[in-house]
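Okay, structure first, notes after.
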DNA sequence: GGATTATTGTACGGCGTCGTACAATATGTG
DNA sequence: CACATATTGTACGACGCCGTACAATAATCC
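Protein chains in written order, with this note's numbering: chain A, 996 to 1158; chain B, 996 to 1158.
What follows is the structure in structure tokens.
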């Protein structure tokens, strides 16, 4: 009877629990860490990112925001709705394209954006602890490479709408 | 000379557009890639991970599954519900603790588990392309270190239930 | 023993995101 | 110019996961 040893539950992870799932877990923690630090501002990571983006780059169409934040256009709509309701961003019509809204920061939003930036810098500094600069760069490089491979794999599985 | 070169595009991205958000984006792609490859089996990454886990380690309580898959107990319940409805796993009562269900693989499920493993190996091989062994190890190391920092930051922000 | 405290799985409501379909508008083609 | 095609933002339903509260059971403490 193969008695399952309850003692060595350190390495009993499933096969996909290698780099990929370490990565997934880390991503979850990143979100969690940012969210908890942003909680006093009553913002989550997505909202904070949006505010930070428009605070830095000015009025931006929602589609561009969606691309930059990595979520869908529909989702961006509701995020903007909330932030607008709180008076942190505003929608301006685009004089050159009447379909689009240009999302811009308000004066109240700019203040929030500053606090977001402060939170971000503090947390980022904490996360760097014990990790050298070139290690961070190496990490970024490998992940970028991994992204290429991932995109490749995704494309080869699902032949998407051929343009 | 620690004088950083000015007008350099080192800082041209918003603060959260650094390693952390590369990481988030990569994690999204990982999920997407696995999901698309698992689509023929009509499974998502979470379901596949659960199947793989019980196929390898045998009957497991739901709480342990939740811990290992990194999602909550409530969520595990519904995942098991679905897989059970499809006859891929089954719930057995634990003779030693009448609160728990032991989730185990069925014979039908074992077959699925094999196909899951095949998918996993293929995809994993693709993802390794152009990334050396020591690079992968470095990646894993840095991410582990990052996880420590993250956990630390999360703990210091939210003092948990002080008994 | 009985009473407290902890743990397991479930029910429920909520949140964030996705995918699809749609109207309004823009862009390209003949 | 008319027409087809692409793009923008929104509405809507769905999914996956979370957090909380709960009953059932276990473990612990007088």
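C-beta atoms are modelled at their ideal positions from N, C-alpha and C, and glycine is treated no differently.
No experiment lies behind these values; they were computed from the predicted model shown.
Where residue 1141 (chain A) falls, given that 16 or more other Cβ within 10 Å makes a residue buried: Residue 1141 (chain A) sits at position 146 when you count from the first residue of the first chain. Residue 1141 (chain A) comes out buried.
Outcome for residue 1128 (chain B) when other beta-carbon atoms lying within 10 angstroms are tallied against a minimum of 16: Within the second chain, numbered from 1, the residue matching residue 1128 (chain B) stands at position 133. By the neighbour-count rule (16 or more Cβ atoms within 10 Å), residue 1128 (chain B) is not buried but exposed.
Proximal chain B residues relative to residue 1100 (chain A), where beta-carbon distance stays under 8 Å: The count along the first chain starts at 1 and reaches residue 1100 (chain A) at position 105. Near residue 1100 (chain A) there are no residues of chain B at all, since even the closest Cβ is about 13 Å away, more than 8 Å.
Cβ-Cβ distance between residue 1044 (chain A) and residue 1095 (chain A) below 7 Å: Here the question's residue 1044 (chain A) lines up with position 49 in the first chain. Here the question's residue 1095 (chain A) lines up with position 100 in the first chain. No, the Cβ-Cβ distance between residue 1044 (chain A) and residue 1095 (chain A) is not below 7 Å.
Terminal residues of the beta strand (DSSP E) in which residue 1084 (chain A) lies: Mapped onto the first chain, residue 1084 (chain A) falls at position 89. Element bounds for residue 1084 (chain A): 1084-1089.
Contacts around residue 1091 (chain A), its chain only, beta-carbon distance under 7 Å, and the 5 residues preceding and following it disregarded: Residue numbering aside, residue 1091 (chain A) sits at position 96 when the first chain is read from its first letter. Once the five neighbours on either side are set aside, residue 1091 (chain A) has no close Cβ partner at all.
C-alpha distance - residue 1112 (chain A) paired with residue 1148 (chain A), whole-angstrom precision: The residue you call residue 1112 (chain A) lines up with position 117 of the first chain. The residue you call residue 1148 (chain A) lines up with position 153 of the first chain. Approximately 36 Å between the Cα atoms of the pair.
Beta carbon of residue 1137 (chain A) nearer than 7 Å to that of residue 1024 (chain B): If you number the first chain from 1, residue 1137 (chain A) lands on position 142. If you number the second chain from 1, residue 1024 (chain B) lands on position 29. Cβ distance not < 7 Å, so residue 1137 (chain A) and residue 1024 (chain B) don't count as in contact.
Given 8 Å, three or more beta-carbon pairs between the stretch 1019-1036 of chain B and the stretch 1109-1124 of chain B: yes
Residue 1124 (chain A) versus residue 1132 (chain A): straight-line alpha-carbon distance, rounded: Within the first chain, residue 1124 (chain A) is the residue found at index 129, counting from 1. Within the first chain, residue 1132 (chain A) is the residue found at index 137, counting from 1. Each residue's Cα considered, the two are about 14 Å apart.
Buried/exposed call for residue 1015 (chain A), threshold 16 Cβ in 10 Å: What you label residue 1015 (chain A) is simply residue 20 of the first chain in a count that begins at 1. Around the CB of residue 1015 (chain A), 16 or more other CB atoms lie within 10 Å, so the residue is classed as buried.
Complete alpha helix (DSSP H) runs within the stretch 1079-1144 of chain B (minimum length 4 residues, chain order): 1102-1123
Outcome for residue 1082 (chain A) when other beta-carbon atoms lying within 10 angstroms are tallied against a minimum of 16: Here residue 1082 (chain A) corresponds to residue number 87 of the first chain, with the count starting at 1. Sixteen is the threshold: since fewer than 16 other Cβ atoms of the shown chains lie within 10 Å of the Cβ of residue 1082 (chain A), the residue is exposed.
Classification of residue 1053 (chain A) by the beta-carbon crowding that lies within 10 angstroms, buried from 16 upward: Within the first chain, numbered from 1, the residue matching residue 1053 (chain A) stands at position 58. With fewer than 16 Cβ atoms within 10 Å of its Cβ, residue 1053 (chain A) is classed as exposed.
Residues near residue 1071 (chain A) in its chain [Cβ-Cβ closer than 6 Å; skip 5 each side]: Counted from its first residue, the first chain places residue 1071 (chain A) at position 76. 1057, 1060, 1061.
Cβ pair residue 1103 (chain A), residue 1046 (chain A) closer than 7 Å: On the first chain, position 108 is the one that residue 1103 (chain A) refers to. On the first chain, position 51 is the one that residue 1046 (chain A) refers to. Not a contact, by the Cβ cut-off of 7 Å.
First through last residue of the alpha helix (DSSP H) which encompasses residue 1046 (chain A): As a working note, residue 1046 (chain A) is residue 51 in the first chain. Note, residue 1046 (chain A): alpha helix (DSSP H), 1040-1052.
Residue-level contact to chain A via CB, residue 1103 (chain B), 7 Å cutoff: Along the second chain, one-based indexing puts residue 1103 (chain B) at 108. No, no contact with chain A.
Partners in chain B for residue 1149 (chain A), counting only beta-carbon separations shorter than 8 Å: As a position in the first chain, residue 1149 (chain A) is number 154, starting the count at 1. Contact note: residue 1149 (chain A) reaches chain B through 1024, 1027, 1028, 1031, using a C-beta cutoff of 8 Å and chain order.
Amino acids of chain B, ordered along the chain, whose beta-carbon sits closer than 7 Å to that of residue 1014 (chain A): Taking the first residue of the first chain as position 1, residue 1014 (chain A) is located at position 19. Correct list: 1131, 1134, 1135.
Proximal chain B residues relative to residue 1042 (chain A), where beta-carbon distance stays under 9 Å: By 1-based counting over the first chain, the position of residue 1042 (chain A) is 47. Chain B residues near residue 1042 (chain A): none, gap ~12 Å exceeds 9 Å.
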